[in-house]
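Peer 1: Just dropping this structure here.
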Amino acid sequence: AQSVTQPDIHITVSEGASLELRCNYSYGATPYLFWYVQSPGQGLQLLLKYFSGDTLVQGIKGFEAEFKRSQSSFNLRKPSVHWSDAAEYFCAVGRNSGNTPLVFGKGTRLSVIA
Amino acid sequence: DSGVTQTPKHLITATGQRVTLRCSPRSGDLSVYWYQQSLDQGLQFLIQYYNGEERAKGNILERFSAQQFPDLHSELNLSSLELGDSALYFCASSPRLAGRTDTQYFGPGTRLTVL
Chain C
111 AQSVTQPDIH ITVSEGASLE LRCNYSYGAT PYLFWYVQSP GQGLQLLLKY
161 FSGDTLVQGI KGFEAEFKRS QSSFNLRKPS VHWSDAAEYF CAVGRNSGNT
211 PLVFGKGTRL SVIA
Chain W
-12 DSGVTQTPKH LITATGQRVT LRCSPRSGDL SVYWYQQSLD QGLQFLIQYY
38 NGEERAKGNI LERFSAQQFP DLHSELNLSS LELGDSALYF CASSPRLAGR
88 TDTQYFGPGT RLTVL
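These protein sequence lines map, in sequence, to chains C and W. Counting from 111, one number per residue, gives the positions in the first sequence under the numbering used here. Counting from -12, one number per residue, gives the positions in the second sequence under the numbering used here.
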């Protein structure tokens, strides 16, 4: 069975600083990987996804993520954080066969300070 | 806006009661998933339907059930409610693509409070 670990429960960054949120997955084959963002009181919005091909994927709102098979990681990055990026971020993994449910990490809460 | 709608947005009820949560998937999506988000358990998969048939089951309690109707909307029924059932319930939908997981688009959720 697949699993996802987001080691950081809460991260605080200054506005304009760079950001990296960590995600490690466990899955026996090539995974399908996703990052979602949840603003307070809101649903989950897809930021980006990796299915195959280029291991550096670009998403919305200036986010990118890099798939590293050797490290079983799919870290999310943003070069310059805006106050509106404050939210909860979830990494998720899906199987590469069948239309299957996602397994989510526990999430990382991002706070942005002036 | 993901195109997935959920009603109601908020639901407050008492222990022992029964409620129904409704989800309308994106136009054309055949798969519907239900997830529960709570502070202690995080986001947990409950159940999946594809074109009216149950496809996969996760950590869904026997007191909970779901169905997907011919028009593809889905309902999640929660009965004999307990305080611990208080959570945010999300519905997600995805199109059918043969042989692989596809992107799931999430609705805004229904916040259930059991008093």
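For glycine and all other residues, C-beta sits at the position ideal for the given N, C-alpha and C.
Using a Cβ cut-off of 9 Å (strictly closer), state whether F200 of chain C contacts chain W.
Peer 2: So, interface residue.
Peer 1: Could you tell me which whole beta strand (DSSP E) segments of length 3 or greater appear in the stretch 150 to 208 of chain C?
Peer 2: Complete beta strand (DSSP E) runs here, min 3: 154 to 160, 166 to 168, 174 to 178, 183 to 188, 197 to 204.
Peer 1: Specify the secondary structure class of G71 of chain W as computed by DSSP and reduced to three states.
Peer 2: G71 of chain W: helix per DSSP, three-state reduction.
Peer 1: Do T97 of chain W and Q(-7) of chain W count as a contact pair if the criterion is CB distance below 9 Å?
Peer 2: Contact: yes.
Peer 1: A79 of chain W to F93 of chain W, Cα distance in whole Å?
Peer 2: If you take the alpha carbons of A79 of chain W and F93 of chain W, they lie about 4 Å apart.
Peer 1: Quick check on the DSSP output: the beta strand (DSSP E) that includes H120 of chain C runs from which residue to which?
Peer 2: Start and end: 120 to 124.
Peer 1: What do you get for D27 of chain W, buried or exposed, if any count of 16 or more other CB atoms within 10 angstroms of its CB means buried?
Peer 2: Per the 10 Å Cβ criterion, exposed.
Peer 1: According to the Cβ coordinates, are E130 of chain C and A224 of chain C closer than 9 Å?
Peer 2: Their beta carbons are not under 9 Å apart, which means E130 of chain C does not touch A224 of chain C by this criterion.
Peer 1: Please identify the residue among C:H192, C:G204, C:K216, C:G217 whose C-alpha is closest to the C-alpha of S128 of chain C.
Peer 2: Taking only the C-alpha atoms, the option nearest S128 of chain C is C:H192.
Peer 1: For Q35 of chain W, I'd like the list of residues in its chain whose CB is within less than 6 Å of its CB, leaving aside the five on either flank, ordered along the chain.
Peer 2: Excluding sequence neighbours, Q35 of chain W sits near Y20, R42, A43.
Peer 1: Helix, strand or coil: which one does DSSP assign to R98 of chain W?
Peer 2: The answer is strand: DSSP assigns R98 of chain W an E or B state.
Peer 1: Just the chain W side, please: which residues come within less than 7 Å of P189 of chain C by C-beta, in chain order?
Peer 2: Correct list: empty, because the minimum Cβ distance to chain W is about 25 Å.
Peer 1: Which whole-angstrom value describes the C-beta separation of N46 of chain W and F32 of chain W, a residue pair presumed to lie in contact below a C-beta threshold of 8 Å?
Peer 2: Contact flag correct, Cβ pair sits at about 7 Å.
Peer 1: Is the stretch -7 to 3 of chain W touching the stretch 52 to 72 of chain W, taking contact as three or more C-beta pairs under 8 Å?
Peer 2: These segments touch.
Peer 1: Taking DSSP's pairing of strands, which residues face T7 of chain W in a bridge?
Peer 2: W:N64.
Peer 1: Quick check on S62 of chain C: buried or exposed, where buried means 16 or more other Cβ atoms within 10 Å of its Cβ?
Peer 2: Any property of residue 62 of chain C remains undetermined from this structure, which presents chain C solely from 111 to 224.
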